[in-house]
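Take the sequence shown: its letter number 382 is residue 381 in numbering that gives the first Met the number 0, and every next letter is one higher. A virtual CB, placed ideally from N, CA and C, is assigned to each residue, including glycine. The next block holds one structure in the form of structure tokens; read it before the comments.
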Amino acid sequence: MPAAIVWFRRDLRLADHPALSAALAHGTTTPLFVLDPLFVSRSGAARLAFLYRSIRALDATMNRAIVVRHGDPLDIVPRFAKEVGADCVFISEDFGPYGARRDNQVQQRLAAQGVRLERVGSPYAVNPGLVRKPDGTPYAVFTPFSKGWLARGWQSPIAAPNNMNLRGAPDVKCDGIPADPELVAQLPAAGEEAAWARWEHFASDALSRYKDERNNPDRDGCSMMSPYLRFGTVHPRQLLAELHPDKHHDHYRSELCWREFYADVLHHQPRTAWENLQPKMTAMPVDTDARAKEKFAAWCAGRTGYPIVDAGMRQLLATGWMHNRVRMIVASFLVKDLHLPWQWGAKFFMQHLVDGDIASNNHGWQWTAGTGTDAAPYFRIFNPAMQAEKFDPNGAYVREWLPELASVPDKFVHAPHESPSGVPGGYVAPIVNHHEERDEALRRYKVVTGK
């Protein structure tokens, strides 16, 4: 009987998994996960722990059959195919720069030994590269892309397989799922079942107010599905199937589209993972000296003296996640108040976010930095105190993550240095003056514009 491998990566689920279904239809299937040392080296403890927990949850639903191997996929996958006698390896297609290159190299090595690599499905409702302008070129602006994305549409989700003819651990040697790294962050529950429990919680209440409340970090108004989408314990197509014609549902659908838009941009321009999409912005002067590094350390630790910024960074360190509006605020502060390279912030986020996704994270940073597609104009500079007053009016979010401000009156909670009693003990005075740094940011922008 033919033998297949399903190589799990960003698709740690059973339901709506076309590659898994195709492998099972092909023959006896061995589930494989390769723990790539490159991923391990680039991930913080929170993301690694969430990955390991997600693999364990999936393994439990597959009768402990997943074979985990540690090492370079270029060596492991071909060797493993020979070991189990597989004539086909099934994967969900990866469109990231590293993943696409890795898969092409694995395909070549498999072909040399007479084994096929079959790409079936992907982490996206619409694969990157498929939505194009009438002239065949890719979109560079979100709104027309979203219209093309909606017009193209996607298939309905498929059910989890009823019967799985698996051959795996313990019949095949398994290196095992590592123990969780030492962890400070409190993470959400991992796995496919946990993903749906979170979705049901969100859909039963906050989804009906999503457009109005998604920007308010003091409320449970976000789906918080990003970690599950990152590791594929749920597929965006499954969430899209849950939505109906309604302004709040439409807005959530649009947020899923942003994820796919950024993946499309990165697919067409892989250099933009760490380079400015807009080359002209490379002329923007940034600070990288010793003083800049001190400011960066304060930003990383949530010790800038701007409560909404510090609360966001403390939330990130404590949970591996940060509210999206706050992500924009802290990014603007790093780039336009501290004048640091956006890449510094993007790298820190990728190290600490459970949902760290190179396309969404780095292009989101470029949006705020004014260097990317659909970018906010560089001269749009978030005032952290005004943003906080608008989206956290009573200071509930700030107080949750900065207990030092518990007794500060509402009037001063977003600017405690202005309080008659001064900055409370345990907190810090602002490390920069926002109004002065705003002027400095605009001065630097003139270097780019020449005006």
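Shown here, residue 5 sits in a strand according to DSSP, grouped into three states. For residue 87, DSSP records a beta bridge to 3, 115. Going by DSSP, residue 34 is part of no alpha helix (DSSP H) but of the beta strand (DSSP E) stretching over 27-34. As summarised for the region 159-225, the continuous alpha helix (DSSP H) elements at least 4 residues long and confined to that stretch are 191-202, 209-212, given in chain order.
DSSP places residue 397 in the uninterrupted alpha helix (DSSP H) bounded by 395-400. Counting along the chain, residue 68 sits inside the beta strand (DSSP E) bounded by residues 66-69. In chain order, 56 place their CB closer than 8 Å to the CB of residue 192, counting only its own chain and leaving out the 5 sequence neighbours on each side. The C-beta of residue 68 has 16 or more other C-beta atoms within 10 Å across all chains shown, which makes the residue buried. Taking 8 Å as the upper bound for CB-CB distance, residue 273 and residue 342 are in contact here, some 6 Å apart.
About 5 Å separates the beta carbon of residue 164 from that of residue 27, a gap short enough to meet the 8 Å contact definition. Residue 418 and residue 128 have their C-alpha atoms roughly 53 Å apart. Scanning 172, 276, 112, 396 for the CA closest to the CA of residue 308 turns up 396. Secondary structure of residue 137 (DSSP, three-state): strand.
Residue 448 is classed as exposed because its beta carbon has fewer than 16 other beta carbons within 10 Å across all chains shown. In the three-state DSSP reduction, residue 151 falls in the helix class (H, G or I).
Rounded to the nearest angstrom, the gap between the Cα atoms of residue 385 and residue 276 is 29 Å. Burial is judged here by how many other beta carbons sit within 10 angstroms of a residue's own beta carbon; residue 243 has fewer than 16 and is exposed. The alpha helix (DSSP H) runs lying completely inside the region 314-382 and spanning 4 residues or more are 323-331, 341-351, 357-368, given in chain order. Note on geometry: alpha-carbon atoms of residue 189 and residue 46 lie some 11 Å from one another. Rounded to the nearest angstrom, the Cβ distance from residue 334 to residue 367 is 7 Å, consistent with a contact under 8 Å. Counting only the Cα atoms, residue 140 lies some 36 Å from residue 400.
Collapsing the DSSP output to three states places residue 100 in a helix.
By the neighbour-count definition (other C-beta atoms within 10 Å, threshold 16), residue 161 is an exposed residue. Excluding sequence positions up to five before and after residue 251, its CB lies within less than 6 Å of the CB of 209, all in the same chain and listed in chain order.
Between residue 79 and residue 54, the gap from beta carbon to beta carbon reaches 9 Å or more.
For residue 95, the closest C-alpha among the options 88, 107, 126, 318 is that of 126. A direct Cα-Cα distance of roughly 8 Å separates residue 258 from residue 358. Residue pairing from DSSP places residue 131 in a beta bridge opposite 137. Residue 76 sits in a helix when the DSSP states are folded into three classes.
In this structure, DSSP gives residue 433 a helical state, which the three-state scheme calls helix. Note on residue 37: under 16 other CB atoms within 10 angstroms of its CB, so exposed under the neighbour-count rule.
Rounded to whole angstroms, residue 35 and residue 113 show a C-alpha spacing of 24 Å.
By the C-beta criterion, the region 80-99 is judged to be in contact with the region 265-272, since at least 3 inter-stretch pairs fall below 8 Å.
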